[in-house]
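**Q** According to this note's numbering, the sequence shown is numbered sequentially starting from 2.
Here a beta-carbon is modelled for each residue, glycine too, at the ideal position from N, C-alpha and C.
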Amino acid sequence: DGGLVANNPASIAIHECKLLWPGEDIQCVVSLGNGRPSPDVVSQSKSMSLKQKLSSLVDSATNTETVHIVLHDLLQPHIYFRFNPFMSADFTLDENRPERLEQMQRDTQMYIRRNEFKFLKLVHQLTRYRSTFQRFIDRLKEFVLMYT
Numbered sequence: 002d003g004g005l006v007a008n009n010p011a012s013i014a015i016h017e018c019k020l021l022w023p024g025e026d027i028q029c030v031v032s033l034g035n036g037r038p039s040p041d042v043v044s045q046s047k048s049m050s051l052k053q054k055l056s057s058l059v060d061s062a063t064n065t066e067t068v069h070i071v072l073h074d075l076l077q078p079h080i081y082f083r084f085n086p087f088m089s090a091d092f093t094l095d096e097n098r099p100e101r102l103e104q105m106q107r108d109t110q111m112y113i114r115r116n117e118f119k120f121l122k123l124v125h126q127l128t129r130y131r132s133t134f135q136r137f138i139d140r141l142k143e144f145v146l147m148y149t
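#1: By alpha-carbon positions, which one of A14, N35, F87, P23 ends up nearest to K142?
#2: Is the region 65 to 76 close to the region 104 to 114, with three or more CB pairs under 8 Å?
#3: Assuming F92 is part of the alpha helix (DSSP H), what are its boundary residues?
#4: Using only the alpha-carbon positions, how far apart do P1 and C29 sit?
#5: Between the C-alpha atoms of L20 and R136, what's the straight-line distance to the nearest angstrom?
#6: How long is the line joining the alpha carbons of T217 and L33, rounded to whole angstroms?
Printed below as a string of C-alpha cells:
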C-alpha cells in the first residue's frame, strides 16, 4: 500500500487469506522489512535536531515492528518468519547513492549470514511435504467446490 495504511502489511495479507480461503489453515507467512537502524545507530543520535525529532515521531507512528510483535505472538514460530536486517546507518527509502546502496547490501548479507538457521527453518517450512491424508482432504474440498 506504499505505507499509506500499513508499513508492514502482513496482517492485512493474513486477513485477505482468511477471506479468500476461510477453511484453510495458514501454513507460512513471510514478512520482509526494508531494514532498520541498529541500536548502536539509534543511540548515537541522542542530540537530534527538531527535524530529526519530528522524523522520529513519524517513524514511531508508522512502526513496522508493532505488527511483527503482534503476529509473532499470534502465529506459531514455524509458520511466521520476519526478516528485517539491522542497518549500519539510518537509510531513507529513496536512497540512491551507490556507496550507500553497497553498504545496505553488505549489511543485508551480514544479516543473512547471522540468521542462516532462521532461513533454513523457512526453507524447511516451504518445502514440507503434505501428508497423504492432507492431500486427500485437499482433493475432497476441490470436488465439493466443483459440484456446489
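**A** The short version:
#1: P23
#2: Too few Cβ pairs lie closer than 8 Å, so no.
#3: No alpha helix (DSSP H) contains F92, which DSSP labels as neither H nor E.
#4: No information on residue 1 is available, as it lies outside the stretch 2 to 149 that the chain covers here.
#5: 22 Å
#6: This structure leaves residue 217 out entirely; the chain is present only between 2 and 149.
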